[in-house]
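Reviewing the structure listed below.
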Amino acid sequence: MKTLPPFPVLTINERISLREHAPTDAEAFFNYYTHPKVTEFNIAAPTPKTLQEAKEEVMYCRSLYYQRQGIYWAICEQSNPVMIGAIGIHLRSQHHGEIHYDLDVNYWNHGIMTQAMEIAITYCFEQMNLTTLEARTLKANIASIRILEKLGFQHDHCIEKYTSYTGQQYTIEVYQLHHE
């Protein structure tokens with residue numbers, strides 16, 4: 005098995021970069037991720053109820069790279085290392101990944117997530133040799149759908165009556181982006 009290269013730090017622009025998660029991200033993650041506007045469309049995993057649960061989630065995201073199961077970046081301002089969001093790829097197979105993302109509400113509507121996803125997608129296609137990225141979002145999450153469509157994702161199919169970790173059922177829109 006090839007040696008794993010150092011975790012890739014990616015620069016989005018002169019203001020924002022993507023870096024490796026750190027244990028010290030737990031507090032910032034907990035603070036922004038428990039905001040009702042952020043959790044409104046989260047159906048993939050439980051929202052952390054304690055700082056310890058937030059730390060466990062941060063460390064899980066960090067571990068995916070070292071276990072070769074994906075890659076998750078913390079989004080931060082270059083002038084301040086505090087985590088303001090995250091973007092990650094969970095590998096479904098050697099050439100197929102599922103993209104996940106979240107952002108502190110104080111940074112919404114500034115183009116940060118679109119730019120972060122562009123950089124992460126390029127990395128995944130060019131460095132990880134993925135050929136397909138998939139994104140799943142609630143039908144009601146119009147902002148997420150807009151970002152996906154802006155980045156070239158195409159609607160693939162719909163999952164009716166998807167049961168979340170809470171037991172509630174939702175309609176999920178599945179989008180895919182293919183790299184030739």
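Just so we're aligned, residue 5 is where the sequence shown starts under this note's numbering, counting upward by one. Note that the Cβ used here is the ideal one computed from N, Cα and C, for glycine as well. This structure is a prediction, so every number in the text was calculated from the model and none was measured.
Residues bridged to residue i [DSSP beta-bridge criterion]
| i | result |
| --- | --- |
| Asn113 | DSSP lists no partner for Asn113. |
| Tyr179 | Ala139, His159 |
| His94 | Gly74, Glu102 |
| Thr167 | Gln173 |
| Thr118 | Bridge partners of Thr118: none, in fact. |
| Leu107 | Gly89 |
| Thr15 | Ser21 |
Residue i versus residue j: straight-line alpha-carbon distance, rounded
| i | j | result |
| --- | --- | --- |
| Gln73 | Glu102 | 11 angstroms |
| Thr141 | Phe45 | 8 angstroms |
| Asp108 | Val178 | 23 angstroms |
| Ala120 | Ile16 | 6 angstroms |
| Ile91 | Cys65 | 10 angstroms |
| Tyr37 | Leu22 | 17 angstroms |
| Thr63 | Ala26 | In the sequence under discussion, the amino acid at residue 63 is Met, which differs from the Thr named in the question. If you take the alpha carbons of Met63 and Ala26, they lie about 7 angstroms apart. |
| Tyr185 | Pro50 | As displayed, the chain neither begins before 5 nor continues past 184, which places residue 185 out of reach and without an answer. |
| Ile20 | Ile47 | 27 angstroms |
| His100 | Leu137 | 6 angstroms |
| Gln2 | Phe157 | No information on residue 2 is available, as it lies outside the stretch 5 to 184 that the chain covers here. |
| Ile93 | Glu24 | 13 angstroms |
| Met132 | Ala147 | 27 angstroms |
| His159 | Thr28 | 37 angstroms |
| Cys80 | Leu95 | 23 angstroms |
| Glu18 | Gly171 | 43 angstroms |
| Trp77 | Glu164 | 30 angstroms |
| Val42 | Asp106 | 7 angstroms |
| His182 | Leu134 | 9 angstroms |
| Ile176 | Glu61 | 23 angstroms |
Coarse secondary structure for residue i, derived from DSSP in three states
| i | result |
| --- | --- |
| Thr54 | coil |
| Ile20 | strand |
| Leu134 | coil |
| Lys6 | coil |
| Thr38 | coil |
| Phe45 | coil |
Where are the beta strand (DSSP E) runs, 3 residues long or more, that stay fully inside the segment 57-89, in chain order? The segment 57-89 contains these whole beta strand (DSSP E) runs: 74-81.
Tell me whether the segment 132-152 and the segment 55-72 touch, counting them as touching only if at least three CB pairs, one residue from each stretch, are closer than 8 angstroms. The segment 132-152 is not in contact with the segment 55-72.
Mind the definition here: the segment 107-116 touches the segment 127-135 only if three or more C-beta pairs lie below 8 angstroms; say whether that holds. In short, these stretches do not touch, since the Cβ pair count stays below three.
Would you call the segment 25-34 and the segment 77-94 in contact, with 3 or more CB pairs under 8 angstroms? For the pair of segments examined, the segment 25-34 was found to touch the segment 77-94: the number of CB pairs separated by less than 8 angstroms reaches three.
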